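Asker: Pasting a structure below so you can have a look.
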Amino acid sequence: MDYQFKEIEQKWQKFWADKQTFKAETNSTKPKYYVLDMFPYPSGAGLHVGHPLGYIASDIFSRYKRLKGFNVLHPMGYDSFGLPAEQYAIQTGQHPAITTEANIATYRRQLDQIGFSFDWSREVRTSEPSYYKWTQWIFMQLFNSWYNLENDKAEDISTLIEKFNSSGSADVKAVCDEDTKSFLPSDWATFTEEQKQEELLKYRLTYLRESTVNWCPALGTVLANDEVKDGFSERGGYPVEQKKMMQWSMRITAYADRLLQGLDTIDWPEPIKEMQRNWIGKSVGASVKFQVEGNDKQIEVFTTRVDTIFGVSYLVLAPEHEWVAELTTPGQKQAVENYIAQTKKKSELDRMADTKTVSGAFTGTYVVNPVSGERVQLWIADYVLAGYGTGAVMGVPSGDQRDWLFATHFNLPIIQILDAQKDIDQQADATKEGKYINSGFINGMTYKEAIPFLNNWLEEQKVGKAKVNFRQRDAIFGRQRYWGEPIPVYFKNNLPYLLNEEELPLLLPEIDKYLPTETGEPPLARAEDWIPAAGGTYELSTMPGWAGSSWYWYRYMDANNNGDFASKEAIEYWKAVDLYIGGSEHATGHLLYSRFWNKFLKDLGYTKEEEPFKKLINQGMIQGRSNFVYRINDADGKPTNTYVSAGLRKEYKTSALHVDVNIVENDTLDLNKFKNWREEYANAEFILEGGKYICGVEVEKMSKSKFNVVNPDDLIERYGADTLRMYEMFLGPLEQSKPWNTNGIEGVFKFLRKFWRLFHNEEWHFHVNDSVPTKAELKSLHKIIKKVQDDIERFSFNTSVSSFMIAVNELTDLKCKNRQILEDMVIILSPYAPHICEELWVLLGNEAGTLSYTKFPTFNPEYLVEDEFAYPVSVNGKMKMNLNLSLTLDQPEVEAILLANEQFQKFLDGKSPKKIIFVKGKIINVVV
RNA sequence: GCUCGGGUGGUGGAACUGGUAGACACGCAGGACUUAAAAUCCUGUGCACCUAAAAUGCGUGCGGGUUCGAUUCCCGCCCCGAGUACCA
């Protein structure tokens, strides 16, 4: 029979599901391998052709690893809490659980059609109570923990209480709020329970704090920094403003250093690591306090070059700094107010983009340099950011170009501080070379000497200290939404208390509407009779989107465990994710939060690995490729009924209109389908080129409104899943972003038919023989064994598809019908095209379902050994001819043969060779 | 501005440590089969020159360098994409 992909694929998908072929066992004599995809949010639109790209790659890898003798864990699930379902609920009144359920069903159907080897017995859904019970449980562990800097890890809060009992707060080294009290054990004993809780909250790894948050009025919720782009929400693009709110936060800053160091131990794409480093934004320096003249205030600045402090010639506050009004003299009041008004007018974007213009205003006030005693002017300028460091900066014009421009512009002194600084009347010189001059008690020191000396001095004088500054802030954890995990906390006397563990999961209550209340409270405030057993009131905000995804890879290890988030044995066995494939858009969100929770769980001894994802691959984004038709407009610019082919459109006045890419093939429009597509085109007329209507092309985001969404279902219907899988890989390197087009899919489909035909005779009857394989057949086979192995291991899937085509072309030409050869071909191809391979495997006489766990053929280099090689002969580096020579020959013999060759003599053109370069098995190059 | 990618035929792309640039496919052209079309199969296909073939020349963003030999290494520049940004 001809290649009946539809029958074959349905048959094997059913077989795999019924037999649970890909169920992973948590104990095995085989080595383990954990392949994870970033689980999807099940959106209403279903999968488009871009989604499966990474899943196909990870599936090929998983299947390959099974064949290589690994016990592979390859699970899938759904990140099913989220905003779109809630927005839909607000509009329609439909409970998000219902739409989510329906969307998941669609996703599952689509995923099953592609033939993935997921172990569905381990499926997780973050919105299921049996799952979010453990998300809540982890929240409780965070609440019950503090970060002890002495041993650099999180500990149970009880060890902190012990310290308070025995020695008070004095020798506690913790990551905590800045306003912690200092007290003796005797003080602690006198604290009321409320006072104690209030103080402990300042140390807990999840805590409540009044903080400035990104408030999105349109969405009615708070957004994390990575959910905001240029002042607009990432989802929906609504304006975001700053607002002060009591909020749950996660003390991720406690882990900043470990998150940074861990990056050096994992095999991730360098750009992602770099993005995380920038996001964390560690800078090592010092904080220094400048005394304000005529005021008791001290302005604290952060600097990475404390050694330049004798070169300070002014100080700058951010215009938004809270002391600006107070520290402005009456004489300068007008100038400062004008300046502030002027900066406010500039949008955030302008302010960031315009880094050339120097601007600022003098406050009239002077501050005193604590090191030199010099008095310097206090300015405000918008190049200082209120949100970073202390919102105040010291200006050292000789060492910093921006300070130099400022000083030059406003006529402030420029003081040389290192003898190695050059041309500082032309520009700043940031050198660390040489010895200090004009620098009081550090004169003559080097950079390396000055830094520790000054840090000590500042600390002794109590005017500063060495300090490490991070750009990253603690992660805000509350969302004023319905469709998220309830936070397992209740309030009494304004203080938060955890539920008892037995009360988990704290279920989402039913409510009548999914909007915030009229008084601006979160939707959960609408829940009636939702009262904690212990009295008081429940926390009304829910967890953010990233909560459920910050630990899900552990749940897969033991997905159905009711007594634990995962058993000790499962965690011990599966350890960490060996290969993680997903998009780079999660660089500073999911991937950072996951690393944080992972480290925390390890600190408490629940898990073993410092890093959750050993190797990360980012698949590229599949963009849309839109097609256009060109409608001709008449002289008055009115649309006509005639459409002109793209190549001829310059001769007319036209409007470009999106046309559904599904009625266009290889950029040629199907005219009948076009007429039937929409009523308005029913009577369309065309101006063709070469008898065809060629459409215009543009690369855009894949979206419904651009009619460029390609759905995997249609392609599977037409070509089958095996073709789709191979074609997506054939498209180009996995990590590269590329526009989708279906132009080459025929080639892949033809290849699979050709492969199928290898096993069949002219009449399409299955036909192989048991002859002894020929040398040529073995060579083809072993070439592809090696190639596919190498390609898969370096994630170069596109090149192995090409190699398969070459191998099948070769074997077809050799008329190979040999069982041994063909059976190995089936195994090698099976990770890419599993359905057709399962079918052929059984036709070859093997037991159904054993293909996935058979052995990948072993590469034998002997079969590739050649005794002859067609040497390219080049003259002066230009290829001229090929010369077939035995590989045993060495240079003198080769030279003799070459010089005797008539054809070669022609190229010499009578001249004699100066030098002959011979590289065995590679090339002969003759220099004339 | 900085950091990281990338620039190769009409198109997607290949060339893994410097060694025959353009594998494999799409598209296109021609042919076979067919009453015809589709499907299938075969042949050709970097560009220029030439009626054609042969030959020759030019060719991996641009300019230079190293080398017997450079898509690959080095220097300078241009362009595209991603990330990030007065970070003190």
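Sequential numbering from 16 applies to the first sequence in our numbering.
Glycine residues also receive a C-beta, built at the ideal position from the N, C-alpha and C atoms.
All figures in this text were calculated on a predicted structure; none of them were measured in a lab.
1) Taking the Cβ atom as the reference point for each residue, do Gly499 and Phe37 lie within a distance shorter than 8 Å?
2) Taking buried to mean at least 16 other C-beta atoms within 10 Å of its own C-beta, is Lys359 buried or exposed?
3) Strictly by DSSP, which residues pair up with Arg640?
4) So Leu473 packs on Leu393, CB below 8 Å; how close in whole Å?
5) Glu536: which of Tyr571, Ile546, Ile526 and Ser556 sits nearest, CA to CA?
6) By the 10 Å Cβ neighbour count, where 16 or more other Cβ atoms means buried, how is Leu88 classified, buried or exposed?
7) Any idea which residues DSSP pairs Asn940 with across the strands?
8) How about Tyr218 and Leu175: do their beta carbons lie closer than 8 Å?
9) List in chain order: all unbroken alpha helix (DSSP H) runs of 4+ residues lying wholly within the stretch 379-467.
10) In the structure shown, what three-state DSSP assignment does Met91 receive?
11) Is DSSP giving Met894 helix, strand or coil here?
12) Between the stretch 539-553 and the stretch 113-122, do three or more beta carbon pairs fall short of 8 Å?
13) Just to check, is the beta-carbon of Arg740 closer than 7 Å to a non-hydrogen atom of the ligand GDP?
14) Which same chain residues, not among the five before or five after Ser387, have their C-beta less than 6 Å away from its C-beta?
15) Are the stretch 830-839 and the stretch 788-795 in contact at 8 Å, needing three or more beta carbon pairs?
16) If you run the structure through DSSP and keep just helix, strand and coil, what is Val724?
17) At 3 residues or longer, and completely inside the stretch 462-538: list those beta strand (DSSP E) runs for me, N to C.
18) Short of 7 Å in beta carbon distance, which residues of its chain neighbour Ala602, apart from the five on each side in sequence? Order them along the chain.
19) Looking at the structure shown, is Ala247 part of a helix, part of a strand, or coil, going by DSSP?
20) When burial is assigned at 16 or more other CB atoms within 10 Å of the CB, is Trp755 buried or exposed?
21) Could you please give me the residues that DSSP links to Ile596 through a beta bridge?
22) Is the CB-CB distance between Ile395 and Val351 below 8 Å?
23) In angstroms with no decimal places, state the Cα-to-Cα distance between Pro111 and Ser564.
24) Would you mind sorting Gln106 into buried or exposed? The rule is 16 or more other CB atoms within 10 Å of its CB.
25) State the Cα-Cα distance for the pair Tyr878 and Lys937, rounded to the nearest angstrom.
26) Where do the N-terminal and C-terminal ends of the alpha helix (DSSP H) with Pro99 fall, by residue?
27) How should His780 be labelled, buried or exposed, when 16 other C-beta atoms within 10 angstroms of its C-beta is the threshold for buried?
28) Run the CB neighbour count on Asp573, radius 10 Å, all protein chains shown included, and call it buried at 16 or more, exposed below.
29) Would you report the Cα separation of Ile842 and Ile113, rounded to the nearest angstrom?
30) Identify every run of the beta strand (DSSP E) within the stretch 651-699, keeping only runs that are complete inside it and at least 3 residues long; order them along the chain.
31) Considering only residues of the same chain and omitting the five flanking positions on each side of His850, which have a CB-CB separation below 6 Å?
32) Pick from Lys716, Pro503, Glu341 and Asp171: whose alpha carbon is nearest that of Ile637?
33) Does DSSP put Leu364 in a helix, in a strand, or in coil?
34) Look up Lys47 in the DSSP assignment and say whether it is helix, strand or coil.
35) Taking 8 Å as the threshold, find out whether the stretch 635-651 comes into contact with the stretch 697-712 through three or more Cβ pairs.
36) Please work out which residues of its chain come closer than 7 Å, Cβ to Cβ, to Lys196, disregarding the five sequence neighbours upstream and downstream, and give them in chain order.
Answerer: On the basis of the coordinates in this document:
1) Here residue 499 refers to the residue found at position 484 when the first sequence is read from its first residue. Here residue 37 refers to the residue found at position 22 when the first sequence is read from its first residue. No; because the gap between Cβ atoms is not below 8 Å, this pair is not in contact.
2) By 1-based counting over the first sequence, the position of residue 359 is 344. Exposed is the call here.
3) Counting from one through the first sequence, the residue named residue 640 turns up at place 625. Note: Arg640 sits in a beta bridge opposite Val714.
4) Numbered from 1 along the first sequence, position 458 holds the residue referred to as residue 473. Numbered from 1 along the first sequence, position 378 holds the residue referred to as residue 393. About 20 Å separates the CB atoms of Leu473 and Leu393; that is not less than 8 Å, and the two are not in contact.
5) As a first step, residue 536 is located in the first sequence; it is residue number 521 there, counting from the start. When only C-alpha atoms are compared, the closest one is Ser556.
6) Position 73 of the first sequence, counted from the first residue, corresponds to residue 88. Buried: at least 16 other Cβ atoms inside 10 Å.
7) Translated into positions along the first sequence, residue 940 becomes position 925. Per DSSP, Ser889 and Ile932.
8) Here residue 218 refers to the residue found at position 203 when the first sequence is read from its first residue. Here residue 175 refers to the residue found at position 160 when the first sequence is read from its first residue. Against a cut-off of 8 Å, the Cβ pair of Leu175 and Tyr218 comes out as a contact.
9) 416-425
10) Within the first sequence, the letter at position 76 stands for residue 91. Here Met91 sits in coil by DSSP.
11) As a first step, residue 894 is located in the first sequence; it is residue number 879 there, counting from the start. Of the three classes helix, strand and coil, the one that applies to Met894 here is strand, per DSSP.
12) no
13) The ligand GDP is not part of the structure shown, which contains no ligands of any sort.
14) Against the first sequence, residue 387 aligns to sequence position 372. Around Ser387: Phe325 and Gly455.
15) yes
16) The residue you call residue 724 lines up with position 709 of the first sequence. Note: Val724 maps to coil in three-state DSSP.
17) Complete beta strand (DSSP E) runs here, min 3: 479-485, 504-507 and 510-513.
18) For this step, residue 602 is matched to residue 587 along the first sequence. Contacts found: Ile287, Met290 and Gln291.
19) Numbered from 1 along the first sequence, position 232 holds the residue referred to as residue 247. Looking at the sequence itself, residue 247 is Phe, so the reference to Ala does not match. In this structure, Phe247 counts as strand in the three-state DSSP scheme.
20) Position 740 of the first sequence, counted from the first residue, corresponds to residue 755. So Trp755 counts as buried.
21) Walking along the first sequence from the start, residue 596 turns up at place 581. Asp52 and Ile632, per the DSSP bridge assignment.
22) As a position in the first sequence, residue 395 is number 380, starting the count at 1. As a position in the first sequence, residue 351 is number 336, starting the count at 1. Taking 8 Å as the Cβ cut-off, Ile395 and Val351 qualify as a contacting pair.
23) Position 96 of the first sequence, counted from the first residue, corresponds to residue 111. Position 549 of the first sequence, counted from the first residue, corresponds to residue 564. Rounded to whole angstroms, Pro111 to Ser564 spans 18 Å at the Cα level.
24) Locating residue 106 in the first sequence gives position 91, counting from the first residue. Its Cβ having fewer than 16 others within 10 Å, Gln106 is exposed.
25) Residue 878 sits at position 863 when you count from the first residue of the first sequence. Residue 937 sits at position 922 when you count from the first residue of the first sequence. Between Tyr878 and Lys937, the C-alpha separation is close to 19 Å.
26) In the first sequence, counting from the first residue as 1, residue 99 sits at position 84. Pro99 -> alpha helix (DSSP H) spans Leu98 to Thr107.
27) Reading the first sequence from its first residue, position 765 is the one you call residue 780. Burial call: exposed.
28) Working through the first sequence from its first residue, we reach residue 573 at position 558. Its Cβ being crowded by 16 or more others within 10 Å, Asp573 is buried.
29) Indexing the first sequence from 1 puts residue 842 at position 827. Indexing the first sequence from 1 puts residue 113 at position 98. Taking the straight line from one Cα to the other gives about 42 Å.
30) 654-659 and 669-674
31) Here residue 850 is taken as the residue at index 835 of the first sequence, counted from 1. Ile23, Glu24, Trp27, Gly130 and Asp737.
32) By one-based count along the first sequence, residue 637 stands at place 622. Closest option to Ile637, Cα to Cα, is Lys716.
33) Reading the first sequence from its first residue, position 349 is the one you call residue 364. Note on Leu364: pLDDT 49, under 50, position unreliable in the model; the coordinate value appears next. Reduced to three states, the DSSP call for Leu364 is helix.
34) In the first sequence, the residue the question calls residue 47 occupies position 32. Strand at Lys47.
35) Contact between the stretch 635-651 and the stretch 697-712 is present, because at least three Cβ pairs lie under 8 Å.
36) Translated into the one-based positions of the first sequence, residue 196 becomes position 181. Ser184 and Glu214, listed in sequence order.
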